[in-house]
Every structure is written in C-alpha cells, then in structure tokens.
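Student:
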Amino acid sequence: MNEEYKTLLNAIESKKAVLGVVGLGYVGLPLAVEMVKQGFTVVGIDLDVDKIERIYRGESYITDISSEELAACIDTGRFKPTTDYSMLAVIDAVSICVPTPLSENQDPDTSYITMVVDQLKRFMKRGALITLESTTYPGTTEELIQGEMERLGYKVGQDFFLCFSPERVDPSNSRFNTRNTPKVIGGTTEACLKLGEALYSQYVETVVPVSSPKVAEMSKLLENTFRSVNIAFVNEMAMMCDRMGIDVWEVINAAATKPFGFMPFYPGPGIGGHCIPLDPMYLSWKAKGYRFYSKFIELAQSTNDNMPYYVINKTATILNEYAKSVKRSKILLLGMAYKPDISDLRESPGLEVYELFKENGAAVDYYDPYATSFMNKQGETVRSIEYDLSAFSRYDCMVLITNHSRFDYGTIASLGVPILDTRNAFKAHAKPHIYKIGHSVQHIPEPGEAVLA
3 MNEEYKTLLN
13 AIESKKAVLG
23 VVGLGYVGLP
33 LAVEMVKQGF
43 TVVGIDLDVD
53 KIERIYRGES
63 YITDISSEEL
73 AACIDTGRFK
83 PTTDYSMLAV
93 IDAVSICVPT
103 PLSENQDPDT
113 SYITMVVDQL
123 KRFMKRGALI
133 TLESTTYPGT
143 TEELIQGEME
153 RLGYKVGQDF
163 FLCFSPERVD
173 PSNSRFNTRN
183 TPKVIGGTTE
193 ACLKLGEALY
203 SQYVETVVPV
213 SSPKVAEMSK
223 LLENTFRSVN
233 IAFVNEMAMM
243 CDRMGIDVWE
253 VINAAATKPF
263 GFMPFYPGPG
273 IGGHCIPLDP
283 MYLSWKAKGY
293 RFYSKFIELA
303 QSTNDNMPYY
313 VINKTATILN
323 EYAKSVKRSK
333 ILLLGMAYKP
343 DISDLRESPG
353 LEVYELFKEN
363 GAAVDYYDPY
373 ATSFMNKQGE
383 TVRSIEYDLS
393 AFSRYDCMVL
403 ITNHSRFDYG
413 TIASLGVPIL
423 DTRNAFKAHA
433 KPHIYKIGHS
443 VQHIPEPGEA
453 VLA
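Numbering (the numbering used here), first residue to last: 3 to 455.
Structure representation (structure tokens):
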C-alpha cells in the first residue's frame with residue numbers, strides 16, 4: 003500500500019482524521035452526530051443556511067436526533083457545520099449523503115451527486131477517502147465519481163480512495179440507529195475497501211464488506227424492492243378481500259402465526275418515504291440499459307401508485323351509504339406524514355389523496371401533530387387544522403392516513419363521524435361507522451328498513 007493509504011489509515015485509527023458529511027438531512031445529520039460522539043472532528047456541509055444556523059443553536063430538525071444530543075455535539079467544538087464547500091480541502095474522509103430523487107419521467111436524478119463531485123474536483127485533499135451513501139443505481143460510484151476524478155489525472159486506490167456504503171435509516175425506529183445497524187460497504191480497490199472498513203468500524207458496530215461498489219449499490223436496491231413488491235402484493239390482496247367480503251387484516255394476522263416461511267406485510271393508502279417509492283425505479287431504469295425489463299418492479303410500482311385512487315373510491319362508497327357524494331363533502335384527513343410519529347412528508351401517499359379529493363370537488367382539511375404544513379400542487383401552503391373534537395364532529399367523513407400514536411382513537415371513534423381507516427388503527431374500537439381498507443363496506447340499514455336474515 004502507498005504512503006497516502008498508510009497516512010490515512012493511521013489518521014483514522016488514531017481518530018485524528020477530519021471527517022466530512024455532505025448533506026445534513028435524515029441520513030447525514032445522524033451520521034455526523036455519531037462520528038462526533040466517537041471522538042472525530044467533523045465538517046458538515048449543507049447549502050441550506052437555515053439548517054446550519056439551527057445546528058449551531060442546537061435545534062434538531064431530525065426526529066432521531068434530540069436537540070440536547072445535537073447541542074452536546076456542538077459544545078465539543080468538534081462539529082463544524084458550514085455551507086462552504088472549500089472546507090473539503092481539509093477533510094480526510096467524506097461521506098456523501100445527498101438526495102437522489104426521480105425526474106417527472108421516473109428517471110434517476112443524480113444532479114446532487116454531480117454537484118458534489120464538481121466541488122470535490124475543485125477542493126478535494128489528495129489521498130482522501132470518498133464514500134457515497136446516497137441510494138442510486140449499480141455503477142454510479144464508478145461512473146459519476148471514479149470516472150470524473152480519474153479524468154483529472156487522479157488514480158483510484160493511490161491518489162484517492164472510493165467506496166459505496168448504502169444508508170440504512172429508518173426514521174423514528176427506537177431500536178435501530180446509525181451505530182447498531184449493520185453497514186454494507188464496497189470498495190473500488192482492495193485499499194479502498196480496507197480504508198472504508200477501518201473508518202466505518204470506528205462508529206458502526208458491524209461492517210459488512212462486499213466485493214465491489216456495484217454489489218453494495220445493488221444490495222440497497224434489493225432491500226427496498228423486496229419491500230415494494232411485497233407491499234404491492236398485500237395491497238392487491240386487500241383490494242381482492244374487499245371485493246370478496248373478507249377482512250384482509252384478520253387474514254394477515256392468521257397467516258402471521260406460521261413460525262416459518264411467512265413475513266407479514268400490511269396494506270395502506272400507498273407508499274411513502276425516500277426509499278420504497280424511488281429505489282426500485284432506479285433499478286428498473288438501469289436494467290433497461292441491459293435490455294432487461296423487470297415486470298415485478300413495474301407491476302409493484304403501478305399497484306402501489308393506485309392505492310390513493312382506491313382510497314378515494316372507498317370513501318365514495320362509504321359516503322354513498324349516507325346518501326352523500328365526494329363532491330361538496332367535508333373530508334378530514336387524519337395524518338399526512340408517510341409513517342407514524344414523524345414529520346417526514348417525502349412521497350407521502352396522503353399528499354396524493356389530498357389532491358384527488360380536491361379534484362373530485364371535496365372540501366378537504368387535514369390534521370397532523372407532526373407535519374404541520376405542506377405545499378400543494380399549485381405551490382400554495384396548506385396547513386394542518388388545530389386539534390378540535392367539536393370541529394372534527396362536523397365533517398362528513400374522516401380518512402386515517404397516518405397511524406400516529408398521539409391520536410386518541412377511542413375519542414375520535416366516539417364522535418360518530420364515518421371513518422375510513424387505512425391502517426387498521428381503530429381495530430380496538432370497532433363500530434358500524436368505522437370502515438377499513440381490505441374489507442367490504444357493510445350496508446347501514448335505514449330506520450325502519452327490513453334487515454334480511
């Protein structure tokens with residue numbers, strides 16, 4: 003191994019290496035905080051001035067990092083957030099944690115990665131380790147980073163080192179965090195992999211080395227495509243059970259008693275978050291370049307994307323039982339975040355449900371104690387209403403989107419307003435006016451109407 007390798011390895015093992023994190027969001031901020039906790043000096047780079055100012059004030063904007071925890075990191079003097087990319091010149095090892103969204107045509111948008119690479123080309127310290135954590139298609143690390151750096155005359159494994167290590171962040175998960183979640187890593191060369199292992203083992207308990215960045219990139223896509231396909235399958239089962247008059251939730255619970263060969267997945271109003279709605283499409287897009295067309299991925303995406311429409315149709319069926327239509331009805335959405343007890347609205351199916359109700363002529367409001375506002379398709383800010391049970395009781399129908407633990411399900415159920423439960427959150431409060439996806443709407447007899455035995 004050359005001198006740059008030995009120098010960096012020694013700096014990592016002695017914790018004298020200056021680490022960098024580009025992108026201080028749901029992935030980058032927890033990573034930077036863990037690095038500081040383990041004794042490293044960390045430069046955090048993000049172009050959002052508000053984020054940088056809040057970090058310096060010790061105000062966390064990430065559910066998994068408390069403000070007290072963040073303030074303690076700042077007090078060490080070893081966490082240095084900035085918007086200045088020229089700080090790359092003092093960083094020995096940098097982790098890239100920027101967004102990788104999809105374009106309107108469902109193609110990968112790697113512009114954030116490209117932007118960071120442009121800055122690395124200007125400021126990177128010779129002998130630095132670059133690790134990409136952003137979820138992307140197999141080949142990205144070598145195509146967008148290695149190729150660009152080598153065009154400047156740098157040689158990977160000698161003048162700089164390069165790895166891919168996919169993020170594994172599950173917001174609000176109280177059991178798994180940055181430190182105790184196993185970390186897959188693939189290096190472009192043997193030297194790259196050894197440095198990547200040495201670095202991540204300083205602040206992650208279990209490091210899982212693989213033979214190449216492509217394997218690491220593909221492993222992340224496999225994880226999330228697995229979830230996408232299985233969620234789509236159970237969503238389709240929910241619609242089937244609805245048609246057949248069977249309760250899909252009871253079916254899943256019964257199947258889950260099998261101690262082998264079955265893993266329960268649950269239906270919902272759609273899929274959200276940065277991973278499941280996007281990652282499979284990265285894989286599908288890349289596969290097409292090899293003339294391989296993944297039917298499972300495309301079918302799963304189509305099924306999951308259809309769930310908001312199913313929610314609208316189901317609500318229309320419920321309203322029909324009360325001689326009402328969606329048009330001109332007052333609808334309240336309970337929750338808007340894509341999963342419970344967080345404020346994250348990325349790709350939330352609730353956003354699509356909201357827009358579809360509006361398009362169908364409903365008067366729509368929402369209540370979410372975490373996600374207090376969002377931008378609609380017209381660019382207008384939509385704000386959560388206040389928690390007011392008296393006001394809730396005046397809606398024609400409520401649709402539960404997010405099963406936040408702070409919701410008082412018993413009290414809400416007692417209001418008597420028809421409810422469509424997309425998460426089976428009201429299971430302990432079964433009443434005739436509470437309906438759920440994956441189960442057919444039972445006709446409510448009119449007063450005096452004969453009920454057939």
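Just so you know, even glycine gets a beta-carbon here, dropped at the ideal spot from N, CA and C. All of these numbers come straight from a predicted model, not from anything done at the bench.
Go to Asp-423, then tell me how far its beta strand (DSSP E) extends in each direction, as first and last residue.
Tutor: Asp-423 -> beta strand (DSSP E) spans 421–423.
Student: What does the Cβ neighbour count give for Ala-373, buried or exposed, with the cut at 16 atoms within 10 Å?
Tutor: buried
Student: What does a CB cutoff of less than 6 Å around Ser-221 pick up in its chain, not counting 5 residues either side in sequence?
Tutor: Val-186
Student: Can you check the region 145–195 for any alpha helix (DSSP H) of at least 4 residues that lies completely inside it and give the ranges in chain order?
Tutor: 149–152
Student: On the DSSP bridge assignment, give the partners of Val-2 in chain order.
Tutor: Limits of the chain in this structure are 3 at one end and 455 at the other, which puts residue 2 out of reach.
Student: Can you say whether Tyr-411 is buried or exposed, counting buried as having 16 or more other CB atoms within 10 angstroms of its CB?
Tutor: buried
Student: Would you mind stating whether Phe-162 and Ala-130 have Cβ atoms separated by less than 8 Å?
Tutor: yes
Student: Which whole-angstrom value is the C-beta distance of Thr-404 and Ala-339, which I expect to be below 8 Å?
Tutor: 5 Å
Student: Determine the burial state of Val-236: buried for a count of at least 16 other Cβ atoms within 10 Å of its Cβ, exposed for fewer.
Tutor: buried
Student: Could you give the first and the last residue of the continuous beta strand (DSSP E) run that contains Arg-59?
Tutor: Neither: Arg-59 is in no beta strand (DSSP E) and is coded neither H nor E.
Student: So what does DSSP say about Ile-299, is it helix, strand or coil?
Tutor: helix
Student: Identify the residues that DSSP records as bridge partners of Ala-458: which are they?
Tutor: It is not possible to answer for residue 458, since the shown part of the chain is limited to 3 through 455.
Student: In angstroms, rounded to a whole number, what distance separates the CA positions of Lys-157 and Ser-203?
Tutor: 25 Å
Student: Does the distance from the CB of Asp-343 to the CB of Ser-97 come in under 8 Å?
Tutor: no
Student: What does a CB cutoff of less than 7 Å around Ile-67 pick up in its chain, not counting 5 residues either side in sequence?
Tutor: Leu-31, Pro-32, Val-35
Student: Taking the beta strand (DSSP E) that Cys-84 falls in, what are its first and last residues?
Tutor: Sequence inspection shows Thr at residue 84; the Cys mentioned does not correspond to that position. Unbroken beta strand (DSSP E) run through Thr-84: 81–84.
Student: Output the distance between the C-alpha atoms of Asn-107 and Lys-290, rounded to the nearest integer angstrom.
Tutor: 14 Å
Student: Please report how far the alpha carbon of Ile-314 lies from the alpha carbon of Glu-300, in whole angstroms.
Tutor: 23 Å
Student: Looking only at its chain, what residues have a beta carbon closer than 8 Å to the beta carbon of Glu-357, apart from the 5 residues adjacent to it on each side?
Tutor: Asn-378, Lys-379
Student: Looking at Leu-336 and Met-400, is the spacing between their C-beta atoms short of 8 Å?
Tutor: yes
Student: Distance check for Tyr-205 and Val-171, CA to CA, integer angstroms please.
Tutor: 15 Å
Student: Using 8 Å as the Cβ pair cut-off and three pairs as the minimum, do the region 275–284 and the region 325–336 touch?
Tutor: No contact exists between the region 275–284 and the region 325–336.
Student: Tell me the rounded alpha-carbon separation between His-435 and Pro-371.
Tutor: 24 Å
Student: Using the three-state DSSP reduction, which class does Asp-52 fall into: helix, strand or coil?
Tutor: DSSP places Asp-52 in helix when its eight states are reduced to three.
Student: Taking Met-246 as part of the beta strand (DSSP E), name the residues at either end of that continuous run.
Tutor: No beta strand (DSSP E) holds Met-246; the alpha helix (DSSP H) holding it covers 215–246.
Student: Using 8 Å as the Cβ pair cut-off and three pairs as the minimum, do the region 426–442 and the region 244–258 touch?
Tutor: yes
Student: Output the distance between the C-alpha atoms of Asn-255 and Gln-160, rounded to the nearest integer angstrom.
Tutor: 55 Å
Student: Taking Val-45 as the reference, give the member of Val-51, Gly-188, Leu-26 with the closest Cα.
Tutor: Leu-26
Student: Tyr-397: buried (16+ other C-beta within 10 angstroms of its C-beta) or exposed?
Tutor: buried
Student: Could you check what DSSP says for Asp-120 in three-state terms: helix, strand or coil?
Tutor: DSSP places Asp-120 in helix when its eight states are reduced to three.
Student: Taking the beta strand (DSSP E) that Lys-429 falls in, what are its first and last residues?
Tutor: Here Lys-429 belongs to no beta strand (DSSP E), and DSSP marks it neither H nor E.
Student: Rounded to whole angstroms, what's the CA-CA distance from Ala-393 to Phe-264? Just pull it up for me.
Tutor: 43 Å
Student: Here's the rule I'm using: 16 or more other beta-carbon atoms within 10 Å means buried, otherwise exposed. How should Asp-52 be labelled?
Tutor: exposed
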